[in-house]
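Undergrad: All letters in the sequence shown, in the order written, are residues 201 to 335 by the working numbering. Quick one: the structure is below, and I'll ask about it shortly.
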Amino acid sequence: MYRKSIAAAVVFIAMGLSACAQTDTATVNEYDATLANLDTDRACFFTREIQGYSNAPESSSRNERIYIDAGGDDRWLLETTGPCPDLDFSLRLALDVRGTGSVCTGDWENLLVPSGIGGDIQRCPVRVLGRVIED
Numbered sequence: 201m202y203r204k205s206i207a208a209a210v211v212f213i214a215m216g217l218s219a220c221a222q223t224d225t226a227t228v229n230e231y232d233a234t235l236a237n238l239d240t241d242r243a244c245f246f247t248r249e250i251q252g253y254s255n256a257p258e259s260s261s262r263n264e265r266i267y268i269d270a271g272g273d274d275r276w277l278l279e280t281t282g283p284c285p286d287l288d289f290s291l292r293l294a295l296d297v298r299g300t301g302s303v304c305t306g307d308w309e310n311l312l313v314p315s316g317i318g319g320d321i322q323r324c325p326v327r328v329l330g331r332v333i334e335d
């Protein structure tokens with residue numbers, strides 16, 4: 201009887217994992233479309249060139265992503281590394297960079313997001329994933 205219980209549990213777990221794998225694969229493919237037109241070679245922009253930002257699709261890990269428009273037609277994809285609750289509701293953002301004011305592919309920076317409550321500034325760590333290549 202003990203062996204039957206273990207066998208049933210193993211089958212149940214395997215079925216559950218296979219169901220999750222199918223869902224995860226579909227989800228990853230949907231999010232990979234955002235990265236398909238991304239140049240991840242080392243390139244940089246200056247914070248003074250930033251002209252605006254817009255929302256980008258979330259990552260498969262549910263981290264938030266934003267596009268930064270900088271220097272003419274350049275558009276960059278940045279991804280948060282944790283929760284940033286006020287990002288969806290903010291009308292203003294800023295990058296807090298160290299050094300010369302340049303931001304490069306692969307860099308880790310802090311996104312400054314004004315909070316809707318009390319005027320506090322939320323610091324959200326972000327990573328620069330790369331420059332978007334337009335078709």
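Using N, Cα and C, we set each Cβ at its ideal position, and we do this for glycine too. Remember, it's a predicted structure, so these values are computed and weren't measured experimentally.
Would you kindly check if the distance between the Cβ of Glu279 and the Cβ of Leu329 is under 8 Å?
TA: Yes, they are a contact pair.
Undergrad: Given a threshold of 16 other Cβ atoms within 10 Å of its Cβ, counted over all protein chains shown, does Leu295 qualify as buried or as exposed?
TA: Classification for Leu295: buried.
Undergrad: Give the single residue among Arg327, Leu312, Ile268 whose Cα lies nearest to the Cα of Gly320.
TA: It is Asp, not Gly, that sits at residue 320 in the sequence shown. Taking only the C-alpha atoms, the option nearest Asp320 is Leu312.
Undergrad: By the 10 Å Cβ neighbour count, where 16 or more other Cβ atoms means buried, how is Thr305 classified, buried or exposed?
TA: Label assigned to Thr305: buried.
Undergrad: Give me the Cβ distance between Leu238 and Ile333, rounded to the nearest whole Å; I'm assuming they're in contact under 8 Å.
TA: Leu238 to Ile333, Cβ: 7 Å. Contact.
Undergrad: As a quick exercise: from Arg331, Phe245, Val326, Ser259, pick the residue whose alpha carbon is nearest that of Leu293.
TA: Closest option to Leu293, Cα to Cα, is Val326.
Undergrad: From Arg331, Arg242, Asp286, pick the residue whose C-alpha is nearest to that of Gln322; which is it?
TA: Taking only the C-alpha atoms, the option nearest Gln322 is Asp286.
Undergrad: In this structure, does DSSP put Arg339 in helix, strand or coil?
TA: Residue numbering for the chain in the displayed model covers 201 to 335; residue 339 lies beyond these limits and cannot be assessed.
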